[in-house]
Structures are given as C-alpha cells and as structure tokens.
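Worksheet for the structure shown next.
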Amino acid sequence: MEPLISDLGLDRLVLARSTASRDSPLDPYQAPESLNNLKPSPKWDVYSFGMILLELLSGRVLSGRELGQWAVPAGSVGEEKNRAVRLADVAIRGEVESREEAVLGCFRLGFSCASYVPHKRPSMKEAVRILDKMS
C-alpha cells in the first residue's frame, strides 16, 4: 500500500489548484466542502481523520450512503452496538464483539468527524479527548 492521505489542504496550495478534482485517489478523504472552497479549514482535517478511523474499523472506505445511514438514529443502544459490530472489519469482528462499547465509541467518533456538515464535526482537540476517555 502506498500512503496517499497527507496534507490535503497544503497539497492544494502547493499545486495552486483552484478547485479540487474528484478523480484523485484522495477523494474519500477530502471534505466535501473542500471542492468549493479555496481556503483550507481545520475541519477538513477532522473529516479526513474520521474517514481514516472508519476505514480502520470497517476495513474499507465507506460510501456516502453508508455515512448517511449512520446519521439516522438507531432504535436503541443495543441496536446501535449491533450495527457497529456488523460494520466492523470481518478480520477483527471476533475480537470486537467483547468490546462493543469501545467499538461503538470509535464508530460514533468516526461518523461525527466525517459529518457532511462542517460545524457538526468536533475539533481535533475534542476528538483526542474522546479517544483518551476510551483508553
């Protein structure tokens, strides 16, 4: 694997691209609003972090549809835990079934960071605080 997810905002500034291209392999990691805005924002990095966290948990890049489905509240906490375990990468599913609370917390953080609405994303400081509480 070749790392492709670093300094997305700086990349646009250095290459002097007026608009981002959706043909890039970086697409899933770029905040949606970055396509229309020339001024980089810390919220772009939060979005990228959320997408990376979700990919680590699920073993794949989640689609926009999957991101939207998580925004719909589950009927109960138990249902939400089951949804998180089902979404977890099959390679780690056996290990996470006994750690449902931690997995659910990580998924919640990932989906919060990957919100389509920038002001609904936590700051990176808040994200780190949430991760610290989990350990």
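Residue numbers (the working numbering): 940 to 1074. Even for Gly, the Cβ is constructed at its ideal location relative to N, Cα and C.
According to DSSP, is residue i helix, strand or coil?
i	result
Val1035	helix
Val985	helix
Asp1028	coil
Pro971	helix
Asn1021	helix
Ser1062	coil
Arg999	coil
Gly1014	coil
Ala1053	coil
Is it true that the CB of residue j sits closer than 8 Å to the CB of residue i?
i	j	result
Met1073	Gly1044	yes
Pro967	Val1000	yes
Rounded to a whole number of angstroms, what is the C-alpha to C-alpha distance between residue i and residue j?
i	j	result
Ile991	Leu974	19 Å
Leu1026	Glu994	10 Å
Gln969	Arg1068	23 Å
Tyr1055	Ala1030	28 Å
Which whole-angstrom value is the C-beta distance of residue i and residue j, which I expect to be below 8 Å?
i	j	result
Ala1066	Cys1052	6 Å
Arg1060	Val1011	Actually they do not touch by this definition, with Cβ atoms about 18 Å apart.
Please decide whether residue i counts as near chain B, where near means a Cβ-Cβ distance under 8 Å.
i	result
Ser1037	No chain B is present in this structure, which holds just one protein chain.
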